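K.L.:
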Amino acid sequence: EVDLEKVTLWEKIRKKLPPLKVGEDGRLLEGDAPRKGVEPGHLHLSCLYGLYPSDLLTTEKYRNEDDGAVQSLYYRLNYGDGHTGWSRAWSACMLARIGDKNGF
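When you line the sequence shown up against my numbering, it's residues 61 to 164, in that order.
(1) From the DSSP output, read off the bridge partner residues of Leu89.
(2) Alpha carbon to alpha carbon, how far is Asp92 from Trp70? Give it in angstroms, no decimals.
(3) Find out if the Cβ-Cβ distance for the pair Gly101, Gln131 is shorter than 8 Å.
(4) Have a look at Glu65 and Val98 and give me their C-alpha separation to the nearest angstrom.
(5) Under 8 Å, do Leu105 and Ala129 count as touching if we go by C-beta distance?
(6) Quick one, are the C-beta atoms of Leu107 and Glu120 less than 8 Å apart?
(7) Please report how far the alpha carbon of Val62 lies from the alpha carbon of Lys75, in whole angstroms.
(8) Just to confirm the assignment, what range does the alpha helix (DSSP H) spanning Arg74 have?
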């Protein structure tokens with residue numbers, strides 16, 4: 061029972077999204093250009109949705125972006141993000157996705 065009209069609409073919207081890009085520092089860009097964060101230790105993890113819970117960044121097709129997502133994750137963890145509450149659980153799941161059992 062798929063609503064083909066909605067499927068068609070979402071496909072059109074998805075095709076308008078820009079491709080994933082990796083910045084000069086190796087991290088996944090959160091938009092169309094690099095941006096400097098005000099507080100590197102206070103960053104969200106939503107830009108890493110493609111790494112987890114999605115599996116968008118686990119195929120060979122996106123290997124470069126996958127590396128960028130991994131670099132973004134380590135950057136956030138190194139600056140103190142993802143160590144409390146729900147973000148700790150989400151970070152642990154992302155580390156498990158990339159096979160890093162020593163990430164924290």
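Every residue, glycine too, gets a C-beta built ideally from N, C-alpha and C. Values in this document were obtained by computation on a predicted structure and should not be read as measured data.
P.N.:
This is what the structure holds:
(1) Reading the sequence shown from its first residue, position 29 is the one you call residue 89. Beta-bridge annotation (DSSP): Leu89 is not paired with any residue.
(2) Sequence index remark: in the sequence shown, residue 70 carries index 10 (1-based). Sequence index remark: in the sequence shown, residue 92 carries index 32 (1-based). Using only the alpha carbons, I get a separation of about 21 Å.
(3) Against the sequence shown, residue 101 aligns to sequence position 41. Against the sequence shown, residue 131 aligns to sequence position 71. No, these two residues do not count as a Cβ contact at 8 Å.
(4) Your numbering for residue 65 matches position 5 in the sequence shown. Your numbering for residue 98 matches position 38 in the sequence shown. Going from the Cα of Glu65 to the Cα of Val98 covers about 42 Å.
(5) Counted from its first residue, the sequence shown places residue 105 at position 45. Counted from its first residue, the sequence shown places residue 129 at position 69. Taking 8 Å as the Cβ cut-off, Leu105 and Ala129 do not qualify as a contacting pair.
(6) As a first step, residue 107 must be located in the sequence shown, where it is residue number 47. As a first step, residue 120 must be located in the sequence shown, where it is residue number 60. Strictly speaking, residue 107 in this sequence is Cys, with Leu absent from that position. Not closer than 8 Å, so no.
(7) The residue given as residue 62 occupies position 2 in the sequence shown. The residue given as residue 75 occupies position 15 in the sequence shown. The alpha-carbon atoms of Val62 and Lys75 are separated by roughly 20 Å.
(8) Start at 1 with the first residue of the sequence shown, and residue 74 comes out as number 14. Per DSSP, the continuous alpha helix (DSSP H) segment holding Arg74 begins and ends at 64 to 76.
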